[in-house]
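Position in the sequence shown (from 1) plus 51 gives the number in the working numbering.
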Amino acid sequence: MKPSRFLIPLLAALTMASQVQAAEPFKVGYIRVMDDAQAIAAYEGKFYEKQGLDVQLVEFKSGTDLIKAIVGGQLDTGVLGFTNAASWSSRGADLKVVGGAQRGFHALVVREDAGIKDVAGLKGHTLASQKEGSTADTVLRGVVLKNAGLVPEDVSILGVSPQVAVQSLVGKRVDAAFLFEPQASIAQLIAPVKQIYEIGEVWPFPCMVTITSGETLKNKKDLVWKSLDAQREAINLLQQKPDEAAKLIADYFIAEPTLKTLEHGDVPREQVISKAIQTQTFSAALTPQDLTRMQEIADIMQAQGALKTQDGKPYDVKSIVDLDWQQARKL
């Protein structure tokens, strides 16, 4: 039996609607640092595609800009510092931390001619860090400097991207920088600088997490979970096969096939990135210890005035954490 002439346009319309829906990309935000390598590797390794997702990977210069896109509905998920979610949620934004990403590598790198031997030696010097309010900046001010007996006013802090921080070191515009990987490794290869401190060794914390909006989690839970499955597979690759992972992501960080170094000549970019990967600790799950450390950072933010709750009470990190995915995966 043939469909009626009235039914044919309806079927065509339904087919087109289905195709449009299927073609709608799932948008994942990232920052071009090693902390976000699982999102890049999941995309380049086709792990998102393996989960049936049509992912559009969108780069941002800072977590602050990235969280604005999630709040505004331009992104489905993002890999960034949880302080951004805490700050916005305290002002009423409906945000959820749904998975882990990376644990706290931040290196303090100084120019060899600056005479800085330890964190206390930063007093009176110029330091490049991330934008004020970012997770890196919060930890720098509230943990690194404080534990060295310094206050932020003791140091001239510039809030810039990691790439600009490296350029500033090379150009002698700053004496030190608080850097993610691979920028910390790259800086030490191309400039007369040295690493004097790494916070992950003394105060490990969940630096990057996966964040989404409450609305997206409600309406696209299946897709969000699939994206987390893809990123978990990418994390396994990064942890177990860094050389293989480096081949997928190296050109995101070093444009040329080789990096011109001061002492080792031209080094293949994959070699630089593989070593940078191996300095990291990636984790798709958030442990009770991670949640405790996140609460400590939120308390620091409140003390700094960067986070203010509407009722004036202490901020509770658990209010934005949704661990249903990792519990379902028994992580």
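The C-beta atom is built at its ideal place from N, Cα and C for all residues, glycine as well. All of these numbers come straight from a predicted model, not from anything done at the bench.
Asked: For Thr309 and Leu374, the rounded distance between their alpha carbons; Found: 41 Å
Asked: Three-way DSSP call (helix, strand, coil) for Lys78 in this model; Found: strand
Asked: Among Pro76, Gly80, Asp87, Asp317, the one whose alpha carbon lies nearest that of Thr332; Found: Asp87
Asked: Beta-carbon contacts of Ile208 that lie in its chain and below 6 Å, excluding the five residues immediately before and after; Found: Leu178, Ser180
Asked: Where Ile59 falls: helix, strand or coil (DSSP); Found: The predicted position of Ile59 is uncertain, since its pLDDT is 49 and thus under 50; no value can be drawn from it.
Asked: Distance, Leu191 Cα to Ala158 Cα; Found: 10 Å
Asked: Distance CB(Met345)-CB(Phe133) smaller than 8 Å; Found: yes
Asked: Expected contact under 8 Å - CB spacing of Gly151 and Leu342 to nearest Å; Found: About 10 Å separates the two Cβ atoms, so there is no contact after all.
Asked: Alpha carbon of Ala187 to alpha carbon of Asp317, nearest angstrom; Found: 31 Å
Asked: Candidates Val195, Gln282, Ala216: closest to Val253 by CA position; Found: Val195
Asked: Identified DSSP bridge partners for Gly150; Found: Thr261
Asked: Residues that DSSP places opposite Gly108 in a beta bridge; Found: Per the sequence shown, residue 108 should be read as Leu rather than Gly. Note: Leu108 sits in a beta bridge opposite Val79.
Asked: Own chain partners of Ala73 with C-beta closer than 7 Å, once the 5 adjacent residues on each side are dropped; Found: Residue confidence for Ala73 is low, a pLDDT of 49 falling below 50, so the modelled location carries little weight; the figure read from the coordinates is stated next. Nothing meets the Cβ criterion.
Asked: Under 8 Å between C-beta atoms of Val206 and Lys174; Found: yes
Asked: Endpoints, beta strand (DSSP E) assigned at Ser207; Found: 207-210
Asked: Nearest-angstrom beta carbon gap, Arg283 and Ile305 [assumed within contact, 8 Å]; Found: Incorrect: roughly 26 Å between the Cβ atoms, too far for contact.
Asked: Local conformation of Pro243 per DSSP, three classes; Found: coil
Asked: Contact under 8 Å by Cβ, Tyr324 with Ala354; Found: It is worth fixing the name first, because residue 324 is Ile in this sequence and not Tyr. Going by C-beta atoms, Ile324 is not nearer than 8 Å to Ala354.
Asked: Sufficient close CB pairs (3 or more, under 8 Å) joining the segment 115-133 to the segment 262-278; Found: yes
Asked: Counted within 10 angstroms of its Cβ, other Cβ atoms place Ala349 as buried (16 or more) or exposed; Found: buried
Asked: Chain D within 8 Å of Gln353, Cβ atoms only; Found: No chain D appears in this structure, which consists of one protein chain only.
Asked: Spatially closest choice to Pro365 from Ala379, Val148, Ala137, Leu313, by CA coordinates; Found: Ala137
Asked: Three-way DSSP call (helix, strand, coil) for Arg380 in this model; Found: coil
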